[in-house]
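Asker: Heads up: the sequence shown is residues 282 to 604, going by our numbering.
No residue lacks a Cβ here, since even glycine has one placed at the ideal position from N, Cα and C.
Bear in mind that the values here come from a model prediction, so they are computed numbers and not experimental data.
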Amino acid sequence: METKDIPYPKAKINLLTKSVRKITLDDNQVRNHYDKAALRRAPRRTRFHDETFVLKKYHNDIKFTLISTFLPHPASHVQRNILDLCCGQGTDIHKWHKNRVSNVIAVDLSPLAVSEASKRYTESGYQSSGLNVAFHVADIENDDLFVITKGQRFPLVTCFFAIQYFFKDERMLSTLLKHVSDSLLPGGFFVGTCPDAKKIISLITEDAIAFSSPRVLVERMWKEPVGAFGSQVALEIKNTVTWGDNKNRNVEYLVYESVLKKAAQQYGLFPVEWPNLHLLEQTGSQHGLFRGFCPNTRVFGEDKYDLFELSRTYAAFVFVKRS
Ligand SMILES: C[S@@+](CC[C@H](N)C(=O)[O-])C[C@H]1O[C@@H](n2cnc3c(N)ncnc32)[C@H](O)[C@@H]1O
282 METKDIPYPK AKINLLTKSV RKITLDDNQV RNHYDKAALR RAPRRTRFHD ETFVLKKYHN
342 DIKFTLISTF LPHPASHVQR NILDLCCGQG TDIHKWHKNR VSNVIAVDLS PLAVSEASKR
402 YTESGYQSSG LNVAFHVADI ENDDLFVITK GQRFPLVTCF FAIQYFFKDE RMLSTLLKHV
462 SDSLLPGGFF VGTCPDAKKI ISLITEDAIA FSSPRVLVER MWKEPVGAFG SQVALEIKNT
522 VTWGDNKNRN VEYLVYESVL KKAAQQYGLF PVEWPNLHLL EQTGSQHGLF RGFCPNTRVF
582 GEDKYDLFEL SRTYAAFVFV KRS
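Okay, here's the thing in structure tokens:
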């Protein structure tokens, strides 16, 4: 059967042109935001029917595929262990189980998110089928991960939908990448997903300050000229942990592919050639890092133009650690 993509009516989106709001961020902004998000977690039975489910499912499928592609082969002598940075509320527990992962060390800044993740893991019953997960509260910027991992090295380090918080300044990104590099076995992979700065900028368009609908908000908070670090953007998706309110916006930073690539190289992390996964675009160039998300308009549905456009701003990245 022939399947055609649906051309979306652009008119449903508001491109706001009012002046940029001033939001003062305190040091605990990110922790507070994710603590609050953990408190309002929806009951599991309602999650499948919510209006942003289609986007969450697509993003989860991408994470699942990346984990299965970059874990060591089951027949190899290397254990299928993962270090998951910025694990949130443990949304990846089922993916680890399905991928027959042996041990996971998972860390996050938000104590309430980690407590929710631990609860979900205990309730999953996966311990008895051989999945061992140790969740820890840690601020990757300021805490010593070595104390948590006890120097263990992993074939796979993941950081899903979170590296954007480390683009506050160069020092913060370097701290994260050093932890990643120190925690990887030679030949191991560092895999993640994040919004791509270039696509965020083109989504908002030049004369607007926000791309918004009742379900999504992407608001320009950076000052021109936009810099490699510290360029703030509010990015929220309804019924996800990113959703905030006027007092408590989810504020992140723009992530540039070239900046990430250059910074990672200093820690022995290099973009890797990887197989064509149907859920993602091909790389733009031979040594390109980002593979854009390419949601299917037909799967997203006619009325989900806002979710479709937002999903398209994300990209996946994979580095290999060279010794
Ligand atoms: C959008 S959530 C992603 C959660 C999870 N990886 C997922 O894919 O669902 C971003 C997470 O990054 C965490 N985070 C942000 N900055 C952090 C830091 N400095 N150290 C540890 N975790 C951090 C937040 O607490 C939050 O749980």
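1) Is E397 close to ligand 1? I mean its beta-carbon at under 7 angstroms from any heavy atom of the ligand.
2) What's the C-alpha gap between E590 and C575?
3) Can you tell me the Cα-Cα spacing of A292 and L484, whole angstroms?
4) What residues match up with V388 in a beta bridge as DSSP calls it?
5) Using 8 angstroms as the cut-off, can you tell me whether the segment 346–356 makes contact with the segment 496–513, which would need three or more C-beta pairs spanning the two stretches below that distance?
6) Between L560 and I363, is the Cβ-Cβ spacing less than 8 angstroms?
7) Identify the continuous alpha helix (DSSP H) that holds S349 and give its terminal residues.
8) Could you tell me whether the segment 400–414 touches the segment 472–486, using the rule of 3 or more Cβ pairs below 8 angstroms?
9) Sorry if obvious, but does the Cβ on I421 come closer than 7 angstroms to a heavy atom of ligand 1?
10) Assign T439 to one of two classes, buried (16 or more other C-beta atoms within 10 Å of its C-beta) or exposed (fewer than that).
11) Would you call the CB atoms of Q445 and P476 closer than 8 angstroms?
12) Taking only the alpha-carbon atoms, compute the straight-line gap between R434 and D463 and give it to the nearest angstrom.
13) Any heavy atom of ligand 1 inside 7 angstroms of the beta-carbon of F416?
14) For the putative contact between L437 and V472, defined by C-beta atoms under 8 angstroms, what is the C-beta separation to the nearest angstrom?
15) For H358, is the classification buried or exposed, using 16 other Cβ atoms within 10 angstroms of its Cβ as the cut-off for buried?
16) For my contact list, A319 and A394 are in at a C-beta cut-off of 8 angstroms; report their separation, rounded to the angstrom.
17) Would you mind working out which of K379, N380, D450, L366 sits nearest D425, comparing C-alpha positions?
18) What is the rounded straight-line gap between the Cα of L390 and the Cα of L454?
19) In angstroms with no decimal places, state the Cα-to-Cα distance between T578 and N557.
20) At the level of alpha carbons, what is the spacing between S493 and P355?
21) Do you know offhand how far F447's Cα is from L457's?
22) Nearest by alpha-carbon distance to V536: which of L465, F442, G582, D526 is it?
23) Extract the residue ranges of the beta strand (DSSP E) inside the segment 499–569, only unbroken runs of 3 or more that lie entirely within it.
24) With DSSP run on the structure shown, which of helix, strand or coil describes T486?
25) Report the residue from F345, T372, G549 whose alpha carbon sits nearest the alpha carbon of E397.
26) At what residues does the beta strand (DSSP E) containing K602 begin and finish?
Answerer: In short:
1) no
2) 10 angstroms
3) With a pLDDT of only 45 at A292, under 50, the local geometry of the prediction cannot be trusted, and the value read off the model is given with reservation. For A292 and L484, the distance between alpha carbons rounds to 14 angstroms.
4) L366, H417
5) no
6) no
7) 334–351
8) no
9) yes
10) buried
11) yes
12) 7 angstroms
13) no
14) 7 angstroms
15) exposed
16) 5 angstroms
17) L366
18) 16 angstroms
19) 20 angstroms
20) 44 angstroms
21) 7 angstroms
22) F442
23) 513–518, 532–534, 550–552
24) coil
25) T372
26) 595–602
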